[in-house]
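Residue numbers (my numbering), protein chains in the order written: chain A, 18 to 384; chain B, 18 to 384. Think of the CB as a built atom: it goes at the ideal place given N, C-alpha and C, for glycine as much as any other residue.
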DNA sequence: CTGAAAGCGCTAACAA
DNA sequence: TTGTTAGCGCTTTCAG
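Below you can see the structure in the form of C-alpha cells.
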C-alpha cells in the first residue's frame, strides 16, 4: 500500500470529533472503551481516523492525563553502552526486561553519564518508577532519582531507609570464599577490586579508602575478606589491595601485575569480579605461573566466561536480581513499608584454587 | 502560615508560584532559563521548591508542551529479554545506546511480544522516534510504528519506501561466502537458516517459502546462496534447507542433524547465523565428523564466540549498525528524502572450511 | 450511549 | 525582569 505524500496534518482527537460531528468523549471511547459505544459508530470513528491520518491518541497527552507513563527508568552509573559489555549487567538487564515485558511496561535506559554531573536526563524521564543499578551512594543521579515522586528500587545498594532494594549478601558471600581459601591454607594473599569511588584510583588502596568506599558492593566484599583473614591473624593492613577504575580484563591483568610486583610471595589473588579475575588469570599465566599450582586466583559473579575458564568464584543470580527489581517496582501498589529482597549466592569450586605449595620439594613433585 | 494539611498535595509549578507570589513563568524560567531572572529570585524559587518538596517540572507535562519526549523507542521482534541473549543483538543495542548517549537521549525498549498481536505498547510509547530492528516485514508492530507520526529508522529491512534504513548487503555477503565454498570445490551442500516468517516451521523449506520469506535478512542470504550455487550448475531446489524458529545453538544442532539425515553426502553445512553454526558444529562433531576434514561448516555475523571457535563466517559491524541507526534517527532534522546506510562486511576465513576430500587440486586456493 | 465541562502541569509568545 | 494569555491533546466524572 502506498503512503500518501501529503504533509501530515497533525490530526487530533478533537479535530476528528469535529469532522465526525461527535464529541471528543466518543472518539476517546472508541480507542479506550470499545464497550462504551456502538460497534457501528466505533467502526466509523476508526475508519475516519485512518482516512484523516489520525495516529490514535497522543501517548504523551494521555500520560499527562492518566498520570501513567507506561515505562520504568533504569539508571546505571556507567555509560549507557557499558551495560552491554559487562555480562553481569547484561544478565541484570535481561531479568529486568523480562519483568517489564510481563507487565507490558517499557524500559527506559536513562543516559546518566558519570563523567558529567548532568542530572537533567533523570528529570526529563517520563517514567512511573526507577530502578537504580549499582551506582555509588553519593552519585548525584541517584539523589535526583530519589527526589522524583515515583517509586524506586535500588540494586546493590546499602539501605537507603526509604526505598525498596534487592541484592545479595556480598559480605557473607565473600567471607565464605575467603574461608575456603583459608581452609586451603592461604594466608598471604593479594586483592584486585573494582572502583571504590567516583574518582579514579588505579593504585593500591588504603584501609581507610576501603572502608569509605562509595560502592556498597565493593565495600562489602572487601569487608568480608578483611574479616575472614583478620580472624585467622592476618593483618589486613599489610595485604596489597589494587583498585581499578575500568572494569575490564585488561584492568584485571594490570592490577594483578601490580600486586605481584609488590609481593611476589602471595599464594592467592582474590578478585572482586570475574572480569577482573579473568584478566588476572591471563597475567599470571603470562608470567609463567601455573594456576592453581603456583598461585590461586578467584573471582566473583559467576558469569559464563568464568565458568568456562573453570574459575573458582561466587555465583550470584544476576538475572534474578533484575527480575526481582522489576517485580518489586511494578508491584509497588501494595507497598507499605520499604521491602528488601536478598538473593542467595553459591560458592563455585573451580580449578583455579588449591592449597599453596609451601616447599620447593612439593613444587617439584606435585600433589 | 496557616497550613495544617496533613496530606500534602503534590506541589506543582503553579502552587509554587502561588506560594512565592510570582507568576508561573518565573518559576518555569528558574528551571529552564536561568538567565531570564535574577540570581537572587532564582535562588529563592529553588529554595522554596525544596522546602515544599517540589520535584521540578513534571517531565510528561513538559513533553506535552514542548512536543519532545527526549527518548527514542526501540522495537525488537523478539521478547524483550531476547535482545540480551543474542550477541549480535547486544552489539546492535550497544551501538544504539552509544548514539543515544551522545545525544543525551533516552532509549526506550518497547515491549513488543511477537506472540501477542498487542500493538498497544507501540501506541503508548512516548518517544521522538523509533528504531526498528530486524522484524518481519509483515509484523503488526512495525505497521503500528509506521503509523506514528515520528521519524523511524529500520534496520535489516527491505526498502520501505518512506523511511530511513541501515543494513548490510546480505545477499552480496552471502554470495561471497558461497563463492569461497564453491572455489574450494563444494557442490553438494546443506543449509540451516533462521525463521523465515512469523509462523513456526522447524522443518525443511520449500523454494517458495524461501522467496516469500518475511525476514528480509534471511531471504537475502538465502538468495545469495541460491544465486551463487545455481551459477555453477547446482539445482537449488534439491538443496536441503532446514529452518528453525528459535535462534539458539540447540536449534542449530537439531537442524544440522535434520539436514545430515536427509543427505549424508553433503560436504558443507552453511548456516545463516553464527549461533546456528556453533550449534551445527557441535552436532557434526558429536557425530564423529571432523571439521573441516569431513565437513565444512560456516556461519554469519562474526560474533566473538564464532571467532573463538575459528568459524569461517561473514563479519558484519553490528555495533556500527546500531550506532548508524541512532545517528540517522537523531539527525533527522535535516532529513528530506529517505536515507539508506549500507555498511560493509568482511569474509572471515576461519578453520572450519576446507576443500571437500577428493578435490585436493583445489587446495592451492590457500589458507 | 453521548456530550459538556474541567482540568492534567507545563511552556512560550507577547505585553507590560 | 516579570506577568498574562493560550493552549499542548487527552481523559473523565457527571448529566442527559
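Is it right to say residue i is buried, meaning 16 or more other beta carbons lie within 10 angstroms of its own, or is it exposed?
i: residue 42/B; result: exposed
i: residue 347/A; result: buried
i: residue 64/B; result: exposed
i: residue 248/A; result: exposed
i: residue 181/A; result: buried
i: residue 325/A; result: exposed
i: residue 155/A; result: exposed
i: residue 309/B; result: buried
i: residue 56/A; result: exposed
i: residue 236/A; result: buried
i: residue 134/B; result: exposed
i: residue 315/A; result: buried
i: residue 45/A; result: buried
i: residue 76/B; result: buried
Please tell me whether residue i has its Cβ less than 7 angstroms away from any Cβ of chain B.
i: residue 381/A; result: Any answer about residue 381/A is weak, because its pLDDT of 41 lies below 50 and its placement is not dependable; what the coordinates show is given next. Not one chain B Cβ lies under 7 angstroms of residue 381/A.
i: residue 127/A; result: yes
i: residue 262/A; result: no
i: residue 292/A; result: no
i: residue 242/A; result: no
i: residue 152/A; result: no
i: residue 179/A; result: no
i: residue 320/A; result: no
i: residue 36/A; result: no
i: residue 96/A; result: yes
i: residue 312/A; result: no
i: residue 87/A; result: yes
Have a look at the options and flag the residue whose alpha-carbon is nearest the alpha-carbon of residue i.
i: residue 166/B; options: 321/A, 71/A, 154/A, 147/A; result: 71/A
i: residue 320/B; options: 66/B, 91/B, 206/B, 363/B; result: 363/B
i: residue 344/A; options: 171/A, 186/A, 203/A, 153/A; result: 171/A
i: residue 143/A; options: 184/B, 253/B, 86/B, 311/B; result: 86/B
i: residue 214/B; options: 240/B, 131/B, 184/B, 257/B; result: 131/B
i: residue 257/A; options: 250/A, 371/A, 276/A; result: 276/A
i: residue 224/B; options: 259/B, 250/B, 202/B; result: 259/B
i: residue 81/B; options: 356/A, 141/A, 299/A, 95/A; result: 141/A
i: residue 95/B; options: 288/B, 151/B, 53/B, 303/B; result: 151/B
i: residue 282/A; options: 306/A, 67/A, 262/A; result: 306/A
i: residue 179/B; options: 188/B, 186/B, 163/B, 228/B; result: 163/B
i: residue 201/A; options: 112/A, 153/A, 313/A; result: 313/A
i: residue 296/A; options: 289/A, 268/A, 278/A; result: 268/A
i: residue 147/A; options: 168/A, 137/A, 158/A; result: 168/A
i: residue 243/B; options: 191/B, 266/B, 280/B, 66/B; result: 191/B
i: residue 129/B; options: 118/A, 137/A, 245/A, 125/A; result: 118/A
i: residue 29/B; options: 255/B, 370/B, 68/B, 84/B; result: 68/B
i: residue 74/A; options: 53/A, 120/A, 27/A; result: 27/A
i: residue 193/B; options: 278/B, 158/B, 317/B; result: 317/B
Does any residue of chain A bring its CB to less than 7 angstroms from the CB of residue i?
i: residue 32/B; result: no
i: residue 141/B; result: yes
i: residue 80/B; result: yes
i: residue 165/B; result: yes
i: residue 327/B; result: no
i: residue 77/B; result: yes
i: residue 118/B; result: yes
i: residue 199/B; result: no
i: residue 101/B; result: yes
i: residue 134/B; result: no
i: residue 72/B; result: yes
i: residue 27/B; result: yes
i: residue 121/B; result: yes
i: residue 111/B; result: yes
Below 8 angstroms on the Cβ atoms is my contact criterion, and I expect residue i with residue j to pass it. Report the Cβ-Cβ distance as a whole number of Å.
i: residue 339/A; j: residue 367/A; result: No, residue 339/A and residue 367/A are not in contact; Cβ-Cβ is about 25 angstroms, not under 8 angstroms.
i: residue 114/A; j: residue 106/A; result: No, residue 114/A and residue 106/A are not in contact; Cβ-Cβ is about 12 angstroms, not under 8 angstroms.
i: residue 177/A; j: residue 127/A; result: The pair is not a contact, with the Cβ atoms about 18 angstroms apart (cut-off 8 angstroms).
i: residue 174/B; j: residue 264/B; result: About 18 angstroms; that fails the 8 angstroms criterion.
i: residue 273/B; j: residue 300/B; result: 4 angstroms
i: residue 291/A; j: residue 262/A; result: Between residue 262/A and residue 291/A the Cβ distance is about 18 angstroms, and since that is not below 8 angstroms, they are no contact.
With a threshold of 6 angstroms (Cβ to nearest heavy atom), would residue i be considered close to the ligand PLP?
i: residue 369/A; result: This structure does not include the ligand PLP; it has no bound ligands of any sort.
Taking only runs that begin and end inside the segment 107 to 170 of chain A, name each unbroken alpha helix (DSSP H) of 4 or more residues, in chain order.
The qualifying runs are 137 to 141, 157 to 164.
Which complete alpha helix (DSSP H) runs does the segment 329 to 366 of chain B hold, if anything under 4 residues is left out?
Here the runs fully enclosed are 335 to 347.
What ranges does the beta strand (DSSP E) occupy inside the segment 274 to 334 of chain A, keeping only unbroken runs of at least 3 residues that lie completely in it?
Secondary structure within the segment 274 to 334 of chain A: the beta strand (DSSP E) runs of 3 or more consecutive residues, fully enclosed, are 285 to 288, 313 to 315, 330 to 332 (chain order).
Please give me, in chain order, every unbroken run of the alpha helix (DSSP H) with length at least 4 that falls completely inside the segment 194 to 266 of chain B.
Runs of the alpha helix (DSSP H) inside the segment 194 to 266 of chain B: 224 to 228, 233 to 247.
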